Amino acid sequence: MLPPQKSTLAEQTDALFHFVNVTSIILLAGITFAIIFFAWKYRRRSENDVTPVITHNNKLEITWSVIPLILVMIVFGWGLNGYMNLTTPPADAYEIRVVGKSWLWEFHYETGHVSVNELHVPVNRPVKLIMSSDDVLHSFYIPDFRVKMDVLPNRYTSLWFEATEIGESVVFCTEYCGTAHSNMLATAYVHSSEDFITWLETAGSADDDLPPAELGEQLVVRNACNTCHSSDGARLVGPTFQGLWMAEREMQDGEVITADENYLRESILEPNAKITAGYQPVMPSYAGTLNDRQIDAIIEYIKTLSN
Amino acid sequence: MATNEATSNVKRIQVRRFKPEEYPEKHYLNEEKGVWAWMTTVDHKKIGLMYLASITFFFFVAGVLAILLRTELLTPARSFMDADVYNQVFTLHGAIMIFFFLIPSVPAVLGNFILPMQLGAKDVAFPRLNLASYYIYVIGALFTLVAIFTGGVDTGWTFYTPYSATTGGNVMAMTFGVFILGFSSILTGLNFIVTIHKMRSPGITWNRLPLNLWGLYATSIIQILATPVLAITLLLLTMERLLGIGIFDPALGGDPVLYQHFFWFYSHPAVYIMIVPGFGIISEVISTFSRKVIFGYWAIALSSLAIAFIGFLVWGHHMFTAGQSSLANMVFSFLTFLVGIPTGIKIFNWLATMYRGSIDLKAPMLYALVFLFLFTIGGFTGIMLGALSVDIHLHDTYYVVAHFHYVMMGGMVMAFFAGLHYWWPKMFGKMYSEFWARIACAILFVGFNMTFLPQFVMGAQGMPRRYFNYIDQFQSFHVFSTIGAYVMSVAFLIMAGYLLHSLLKGKRAPSNPWGSRALEWQAASPPPLHNFHHVPVIINGPYDYHKPMSEFQLGIAASHNGHHHHGDEAVKVEKSEKEQA
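Each protein sequence line maps, in turn, to chains A and B.
So in this note's numbering, the last spot in the first sequence is 308, and the numbers never skip.
So in this note's numbering, the last spot in the second sequence is 582, and the numbers never skip.
Structure follows, in C-alpha cells:
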C-alpha cells in the first residue's frame, strides 16, 4: 500500500502505519461481525417481541474506554517518536536551499549553482533542505522518503532525509497553489557520493559548448518555462512562444509593444512589469536563477519559433 | 430535611391518555395555504421543510460538481475541462457541501422539525428568529451564487492565504456569503439551546431528554461558540483584500499560518457541528428498530458533550506540516487521540443496544448500520492521521480526502438519510417504498466504498489532493473511484424517485409506524399546526420499550394549554379515574 522505502526514516513511519492498519482492520472486523451477527440473531420474530431491560454496565463502559485509550496512547507515543526523528536533522547534514515559486522548485547548491525541478543529492548522507516560498504557500513532498513540509513566504522551514538508494524519486507540491499546482513536480536524483561531487563540479558548465538556440531549448524545459508557455501555439497559463518574436502585443494597460530582445529579457527578470492582455500576473521572477548567457540562449530559442 | 424539601417541590398533575389521531384531515401542511403563508410561516415544521428543499437543491448542485470532478479525473491529463475550471469546481463542491448542505442538514432540517416535538412544545422558543435564520441562510446562498457567476472562486473551501488574498475571481462574494451564513447557524443554535432549557413538557427531566436532543444541544453550543471565529476570520480576510491591511499576507507584513489557526479554530469544531447531531439520530434509530432501551444513556449523552468540548482543542492537527512548533504538534496530536475515546464509546454503546434486541432491518436501521460501518472506518483512519510521523506522509494526500468523506458522507450523510427515512412518515404523513429504499441503500453502500476505498490506497502511495493532472501510476485507482461515483449517483436517482412517488402517491402513514416510544410519534402524522392539542406529560424515559404504549400518551387532563409546568420540576402523576379503569 505504501511507496518503496528509499530513506532511513521510511521504515519507522511504515511500521506505525501497518500497526494502525492491522489493529484497525481487526477491530473493524469485530465490530462488523457484531453488527451482522446481532442483526441476524436478534432479528424481529414477531411484533410482540419482549426485549430485556439492560440500561447500562459500568464495567463494560470502563473496558471499552480504557483499552482504546491504551491503544491510542501507544500510537501517540510511537508517532511522536517518529516525528522527533523526522524533525531533528543530524548536525553534519548537507544543506541545500529550496525556493518554491508558482509553479516550479529551485534548488540552490553551495557552489552557487541553481537547478530547477531537479534535486540532486548524495546517497547515504543526511541532507537538510532549507525552504522558503517566493509567493503563496507550497508544500514539499517526497513520498518515497516519507517527508513533507509546507513552504512559506515569510519564514524558513526545513526538512531532512538520508536517501538509501541511488535512483530517482518524484517530488510533489501538496499545498494547493493555483492553476498549475498539479504540474509543480520535481525529480529527486540520488547519486553515489562520487557522482554527486562530479555533478556539482560540472553542473554549471555542462552546456558551455552548446549553440545558444539549442541551449535555450533545453533551458526552457529545465527551468519549467514550458509548464506555462507552449512552443506549439497551445494556450497555457502564459502566452505561447510560437510566433512571439517581434510580434505586436497589446498589454493589459492598452499599450502595444513589440516583443523584441529587451521585452523578452524584462519579462524573464521582471515578469509583472508588462502583462499581456488576457493573462494573469502570476509568473515568478527568474532574476538570480538564470545568468545573462542563459537568458540570451532562451531569447535565441524563442527567435527560432517565429513564424 | 433534604427529602422534605424535595417532596415539597413535587406538583400534582391530573393526566389522561391522549391517543394520537390517525390519518388527520387537517394538519400543518394544509391548515394554512398559499405561497405567502409558507414564506411568512413561523412554524418550525414548515421552516424545517423549507430548509430541506434548500439543502436538497445544494446537495444536488454540489453532487453534480463531484461527478464532473470524478469524470475529469478519468485521465491523468486534461479530459474535458481546463485546470482553472477544475480548481473552481472542486472549490465549489467543497464549499457548497460543507457550508450549504452538511452544516445545516441535520440541525436546520431534522432538528427544526423534530426538536420541539420531542419536547412536547408547540414551537421553538423564538419562532420569528427561526424564520429569520432561514432567510439569512438564503441571503448567504445568494451571495455564493453571485460569486459563482461573477468570476468564480478557485481557493479551495479553506480559503488559505496568501493565495486567497491574491487570486482573481470573486472571493469576496463567496466569503461574504459564508460570513452571512454563519449568523443563520448561530441563531439556530441559540434558539435550540433556549428551547431545550425552557420549553420541555412536564416530566422531561434531563435524564429523559431524547439522545437526539443531547446531540443537538452539544451541536448548538459549538455553533454559538465557534462560528463567530469564522466570521472574524472572513472579516479580516476581507479587510486584507479590500483595504490592504496586512494580517495574513506576508507581502503586507501578515502571517499565513495565523490564518490557518483562525480558520481551523472554527472549521474543526464545525466537523463536529456536522457529525454530532448525526450521533443523536443514530441513537434514536437503533433503539427504535431494536425495540430496546438504549444502552448507556449517560455514556452516549455525555460523550457528545465531551466531543463538543475536546473538539475545540484539536484544530492544530490540520497543521502538522504547516510550520507550527513541535511542541504544538505534540499537544494537538495528544488531544486528537483523546477525542477518539468518546467516539468509540458511542459505537460500543450502540452495538450493546442491539444485543438481545428485536431488530427490524427497515430502511432507517439499514442506513444506521451502514453509518456504523463507514463511520468506524472514518474513525480508524482518523487515528492514523492523528499519529504525527504517519501524518507527515499522508497529509494533503487522497488518504485525507478518503478519510473525511468516510466521516462526512459515510457518517454524517448516512445518518441524515437514516433520520430522513425515519421521520419521513411524520413529516409528510406518507410511507415510501421500503423495497426501493433498501435497494438504494445497498447501491449507495457499494458505490460509496468503490469511490473512496481506492482513495486510501492512492493516498498512501503519495497521490496529492487537489490535483488536476496526476502521474500515470494512479490512473487505475482514479478510474475505479469514478465508476464508484457513478454507481452512487444511480442510488441517488432511485432515492429521488421513490421519495417523490411517496410524496405524490404514497400510502398514508399511521401516527407511529415504527412502534417508537419517543414523544414525536405520539402526535398525528402529519402533526397538527401546533404539534399536540394537549400538553404531553412524560413519566418514562424515551427508550423504555418495556413499558406499555399507553404510558407514553399522557397529557394534562385540564383543558388549558399554557405551559405552567416545566421539565425540571418533578411530576407526580395522578391518572384520572376513567383512565385507570
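C-beta atoms are modelled at their ideal positions from N, C-alpha and C, and glycine is treated no differently.
Here the structure is a predicted model, which is why all the values come from computation and not from measurement.
Here Met132(A) is not near Phe146(A), since their CB atoms are 8 Å or more apart. For Thr145(B), no Cβ of chain A is located within less than 8 Å of the residue's own Cβ. For Leu238(B) and His396(B), the gap between their C-alpha atoms comes out near 25 Å. Ranked by Cα distance from Gly460(B), the first of His404(B), His28(B), Met410(B) and Pro511(B) is His404(B).
Here Gly170(B) has Gly152, Gly153, Val154 and Asp155 as same chain residues with Cβ atoms under 7 Å from its own Cβ, once five neighbours each way along the sequence are excluded. Judged by DSSP secondary structure, Val122(A) falls outside any alpha helix (DSSP H) and instead within the beta strand (DSSP E) spanning Glu119 to Pro123. If you check each beta-carbon in the segment 79-103 of chain A against every beta-carbon of chain B, the ones closer than 8 Å belong to Trp79, Gly80, Leu81, Asn82, Gly83, Tyr84, Met85, Asn86, Leu87 and Thr88.
Contacts between Gln462(B) and chain A, judged by CB atoms closer than 9 Å, involve Met2, Leu3, Pro4 and Pro144 in chain order. Residue contact with chain A for Met385(B): present (Cβ-Cβ distance below 8 Å to some residue of chain A). An exposed status is given to Glu48(A), since fewer than 16 other beta-carbon atoms sit within 10 Å of its beta-carbon. Per DSSP, Ser159(A) lies in no alpha helix (DSSP H) segment; the continuous beta strand (DSSP E) that holds it begins and ends at Thr158 to Glu163.
The C-beta distance from Tyr260(B) to Leu231(B) rounds to 12 Å, too long to meet the 8 Å contact threshold. When 7 Å is used as the limit between beta carbons, Ala323(B) is near these residues of chain A: Asp151, in chain order. In this structure, Ile274(B) lies away from Ile197(B), with their beta-carbon atoms at least 8 Å apart. Contact between Leu105(A) and Thr228(A) is confirmed by a C-beta separation of about 7 Å, below the 8 Å threshold. Using a CB distance cut-off of 8 Å, Thr228(B) does not count as an interface residue toward chain A.
Non-local C-beta neighbours of Ala438(B) in its own chain, meaning closer than 7 Å and more than five positions away in sequence, comprise Ala364, His422 and Tyr499, ordered along the chain. At a Cβ-Cβ threshold of 8 Å, Asp151(A) and Thr322(B) count as neighbours. Distance from the CA of Leu236(B) to the CA of Ile187(B), rounded to the nearest whole angstrom, comes to 16 Å. Asp233(A) sits in coil when the DSSP states are folded into three classes, being neither helix nor strand. Between Lys123(B) and chain A, the shortest Cβ-Cβ separation is not below 8 Å. When secondary structure is reduced to three states using DSSP, Pro108(B) falls in the helix class. Going by beta carbons, Tyr135(B) and Met51(B) fall inside the 8 Å limit. Here Glu107(A) carries a strand assignment [DSSP, helix/strand/coil]. Looking at Ala388(B), Arg292(B), Tyr368(B) and Thr289(B), the one whose alpha-carbon comes closest to that of Val332(B) is Ala388(B).
Listed along the chain, the chain A residues whose CB falls inside 8 Å of the CB of Gly345(B) are Trp65, Ser66 and Pro69. Residue contact check for His57(A) against chain B: a CB pair falls below 8 Å. With fewer than 16 other beta carbons inside 10 angstroms of its own, Asp254(A) counts as exposed. Residue-level contact check: Tyr356(B) touches chain A, since one or more beta carbons of chain A fall below 8 Å from its beta carbon. Residues of chain A whose Cβ lies closer than 8 Å to the Cβ of Asn213(B) do not exist; the shortest such Cβ separation is about 18 Å. Leu3(A) and Phe18(A) do touch by the CB rule: their CB atoms are close to 6 Å apart, below 8 Å.
With 16 or more other CB atoms across the displayed protein chains lying within 10 angstroms of its CB, Thr145(B) is buried. By the C-beta density criterion, Ile296(A) is buried, having at least 16 other C-beta atoms within 10 angstroms. Judged by DSSP secondary structure, Lys275(A) falls outside any alpha helix (DSSP H); it is assigned neither H nor E. Checking the DSSP bridge columns, you'll see Tyr190(A) partnered with His121(A) and Glu169(A). Between Ala225(A) and Val191(A), the beta carbon gap of about 21 Å keeps them out of contact (Cβ cut-off 8 Å).
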